[in-house]
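All residue numbers for the sequence shown refer to our numbering, where the first residue is 2 and numbers rise by one. No residue lacks a Cβ here, since even glycine has one placed at the ideal position from N, Cα and C.
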Amino acid sequence: MLGIRRIPGEEIGLVAAHPAPAAAVAGGAWDLMLYTVDGDDANVVWSTAGLTLAGGRAGPASAGTGQVGGYLVGRVHATAQPVNLVRANVVAATPAGMAVSVEVRALLGAQRWSEWTEAPATLPDTTAVQVRVGLFGAAGATPSVRGVRLTAGRAESAVAPLALGNTYRVYATREGLVGGTTANGHVITSRDHFVALPSRRGLAPRDTGDYTVRVCAASGRCEWAPVWDVGPWNTTDDYWNPPSVRPSWTDLPQGRPEAQAAYEVGYNGGKDQFGRTVANPAGIDLADGTFWDGLLLTTTRGSP
2 MLGIRRIPGE EIGLVAAHPA PAAAVAGGAW DLMLYTVDGD DANVVWSTAG
52 LTLAGGRAGP ASAGTGQVGG YLVGRVHATA QPVNLVRANV VAATPAGMAV
102 SVEVRALLGA QRWSEWTEAP ATLPDTTAVQ VRVGLFGAAG ATPSVRGVRL
152 TAGRAESAVA PLALGNTYRV YATREGLVGG TTANGHVITS RDHFVALPSR
202 RGLAPRDTGD YTVRVCAASG RCEWAPVWDV GPWNTTDDYW NPPSVRPSWT
252 DLPQGRPEAQ AAYEVGYNGG KDQFGRTVAN PAGIDLADGT FWDGLLLTTT
302 RGSP
């Protein structure tokens with residue numbers, strides 16, 4: 002699990018993997034079963050055209066980009082021996098403005114996963130991995146994926162998961178958006194309980210608690226909540242990771258969200274990754290139930 006601690010005026014601590022230079026050795030290979038669309042998948046469908054977006058409204062709702070996305074979460078794949086490197090060969094059509102991602106995570110124990118890492122992914126040693134295919138398009142248009150071939154092996158240097166329990170003090174906002182659809186396909190209900198973080202690395206599959214955060218208000222009230230959406234503002238800002246792991250804004254210190262830096266000191270010209278002027282410094286979004294009932298907050302933005 003990702004144990005994160007964070008909230009209006011509070012913190013975050015996720016489990017993350019530190020990439021290392023990889024020199025792969027021979028390993029097993031398998032084809033992802035793209036046709037097995039089931040309950041933990043979001044807004045994708047299999048047809049003669051391959052795996053495509055299903056035409057739904059999957060978010061990320063919190064990020065507010067208007068982008069249409071969807072995910073296929075593959076079955077857990079067991080390996081005959083420990084591996085720490087997974088590569089992907091993808092057969093896909095991606096029209097202009099659209100994208101496909103293949104991310105991998107490692108099972109580290111009975112109920113603990115590494116973060117999702119884009120392939121080629123260097124992971125902690127494991128004998129079980131899971132693959133997630135993301136499709137990102139626009140209303141009425143979709144990329145298509147016809148095949149994903151995975152190869153697992155070993156890197157010369159292993160990586161270690163981050164220790165649980167790191168905490169960071171960041172601003173929080175209330176997500177609202179009742180009736181909207183989150184990045185993992187969850188339809189937001191009244192007084193819902195979940196959070197959004199501005200990176201897909203900690204996004205849990207729908208209706209699971211694979212990645213959770215403990216958010217605490219200045220009053221001392223806390224709640225554990227699953228990470229079911231991506232945002233606010235950004236979608237590639239895993240600010241809880243060190244700069245050596247963070248894929249974007251590596252000159253920011255660990256624990257400082259890009260949106261906060263943009264809002265407070267004009268970092269990145271005061272813009273988010275999509276070129277929008279950042280109107281608040283939030284590093285996490287809280288669903289209404291978490292905000293109002295779990296933490297008894299009343300203002301729209303928590304203070305760090």
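When rounded, the separation of the alpha-carbon atoms in residue 254 and residue 156 is 28 Å.
Taking the Cα positions, residue 82 is about 6 Å away from residue 128. When the alpha-carbon of residue 89 is set against those of 32, 242, 50, 70, the nearest one is in 32. In terms of CA proximity to residue 185, 198 leads the group 175, 198, 174, 191.
Note: residue 125 is bridge-paired with 160 in the DSSP secondary-structure output. In chain order, 194, 224, 226 place their CB closer than 6 Å to the CB of residue 291, counting only its own chain and leaving out the 5 sequence neighbours on each side.
Residue burial is scored here from C-beta neighbours: residue 233 has at least 16 other C-beta atoms within 10 angstroms and is therefore classed as buried.
Here residue 162 is buried: its Cβ has 16 or more other Cβ atoms, across all protein chains shown, within 10 Å.
In the structure shown, the three-state DSSP call for residue 261 is helix. Within the same chain, 47 come within 7 Å of residue 36 by CB-CB distance, once the 5 residues on both sides are set aside.
Between residue 92 and residue 104, the alpha-carbon positions lie close to 15 Å from each other. Of 151, 236, 221, the smallest CA-CA separation from residue 29 is found for 151.
Each residue's CA atom was taken as its position, placing residue 275 and residue 66 some 8 Å apart. The DSSP-derived three-state label of residue 291 is helix. Here the segment 167 to 174 does not lie against the segment 203 to 214, with fewer than 3 beta-carbon pairs under 8 Å apart. For residue 151, the enclosing beta strand (DSSP E) starts and ends at 145 to 154. For the pair residue 54 and residue 245, the Cα-to-Cα distance works out to about 33 Å.
Residue 75 places its beta carbon 8 Å or farther from that of residue 38. When the beta-carbon positions are compared, residue 136 and residue 146 come within less than 8 Å of each other.
The DSSP-derived three-state label of residue 36 is coil.
Counting along the chain, the unbroken beta strand (DSSP E) around residue 83 starts and ends at 78 to 94.
For the 8 Å CB-CB criterion, residue 140 and residue 214 do not form a contact. When the Cα atoms are used, residue 97 and residue 296 turn out to be separated by approximately 43 Å. Residue 220 sits exposed, since fewer than 16 C-beta atoms from the chains shown fall within 10 Å of its C-beta.
For residue 42, the closest alpha carbon among the candidates 49, 71, 61, 180 is that of 71.
Contact check for residue 57 against residue 182 passes: the beta carbons are separated by less than 8 Å. In its chain, beyond the 5 residues on either side, 207, 208 have a beta carbon closer than 8 Å to the beta carbon of residue 40. Note on geometry: alpha-carbon atoms of residue 298 and residue 263 lie some 25 Å from one another. With at least 16 other beta carbons inside 10 angstroms of its own, residue 261 counts as buried.
Residue environment for residue 79: exposed (fewer than 16 other C-beta atoms within 10 angstroms of its C-beta). DSSP places residue 169 outside both helix and strand once states are collapsed to three, so it counts as coil. When DSSP states are grouped into helix, strand and coil, residue 267 belongs to the coil group.
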